[in-house]
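Visitor: Numbering (our numbering), first residue to last: 1061 to 1224.
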Amino acid sequence: MISFVRIDDRMIHGQTVTRWAVEYPCDGIIAVNDAAASNPVLKSAYKSAAPDKKTFVWTMDHFKEKADTVLSSKTRYFLITKNPLDMAEILVDFGFVPDDVKTVIVGPCNDRPGAVKLGNNQSITQEEADALERISKAGYTVDFRLIPDKGIGSWDKFRGQFGY
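#1: How is the alpha helix (DSSP H) around Leu1102 delimited, first residue to last?
#2: Short check: CB of Asn1099 to CB of Lys1142, under 8 Å?
#3: Round the Cβ separation of Ala1097 and Val1117 to the nearest angstrom and send it over; I've been treating them as touching at under 8 Å.
#4: Measuring straight from C-alpha to C-alpha, what distance separates Arg1270 and Thr1185?
#5: Are the Cβ atoms of Pro1144 and Ile1067 separated by less than 8 Å?
#6: On the premise that Val1166 lies in contact with Val1202, defined as a C-beta separation below 8 Å, what is that separation, rounded to the nearest angstrom?
#7: Going straight from the alpha carbon of Phe1138 to that of Val1065, what length do you get?
#8: Do Lys1114 and Gly1088 come within 8 Å of each other at the CB atom, strictly closer than that value?
#9: DSSP state of Gly1179, grouped into three classes?
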């Protein structure tokens, strides 16, 4: 089962494990990112960031193969992608419905060329905005929140900056 859905360009780190696991209990973490899953060094680093949790770093294809097993599991997993495009592929294109979770938390999204700064360490590109709009239209609340008690608002607050 999925207990929490997050987009975080750092994917798995101490904040994910310590702060968010208090708000949303979990037994494990599933990070979906082709580049990280295909790089043994990155994969190992992500797994070591959560030593007390079952941690998986999967390619998108592997996640799709395991999706039904994840949903039917009694283990509570965080589902994390590095970017909104991957999350839109999972939730919208693939049609993965994560149990009763209807909120997607957007965490750190680094400042970079072509990105619009929404808040501290939360910047998105037009392509990422398009993905967030698709997620929103699929019935999910998109909430920009680095940590549980520090949010800057929902997608509805920012969508106008991207032509929606």
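Quick reminder that beta carbons are idealized off the backbone N, C-alpha and C, glycines included.
Guide: Well, looking at it:
#1: As a working mapping, residue 1102 is identified with position 42 in the sequence shown. Note, Leu1102: alpha helix (DSSP H), Pro1100 to Ser1108.
#2: Here residue 1099 refers to the residue found at position 39 of the sequence shown. Here residue 1142 refers to the residue found at position 82 of the sequence shown. Contact flag unset, no.
#3: For the purposes of this step, residue 1097 is taken as the residue at position 37 of the sequence shown. For the purposes of this step, residue 1117 is taken as the residue at position 57 of the sequence shown. The pair is a contact, with the Cβ atoms about 5 Å apart (cut-off 8 Å).
#4: Residue 1270 lies beyond the range of the chain shown here (1061 to 1224); nothing can be said about it.
#5: In the sequence shown, the residue the question calls residue 1144 occupies position 84. In the sequence shown, the residue the question calls residue 1067 occupies position 7. Result yes, Cβ atoms of Pro1144 and Ile1067 sit closer than 8 Å.
#6: Numbered from 1 along the sequence shown, position 142 holds the residue referred to as residue 1202. Numbered from 1 along the sequence shown, position 106 holds the residue referred to as residue 1166. Indeed they touch by this definition, with Cβ atoms about 6 Å apart.
#7: As a position in the sequence shown, residue 1138 is number 78, starting the count at 1. As a position in the sequence shown, residue 1065 is number 5, starting the count at 1. One C-alpha to the other measures close to 6 Å.
#8: What you label residue 1088 is simply residue 28 of the sequence shown in a count that begins at 1. What you label residue 1114 is simply residue 54 of the sequence shown in a count that begins at 1. Judged by beta-carbon spacing, Lys1114 lies within the 8 Å limit of Gly1088, meaning their Cβ atoms are closer than that value.
#9: If you number the sequence shown from 1, residue 1179 lands on position 119. Of the three classes helix, strand and coil, the one that applies to Gly1179 here is strand, per DSSP.
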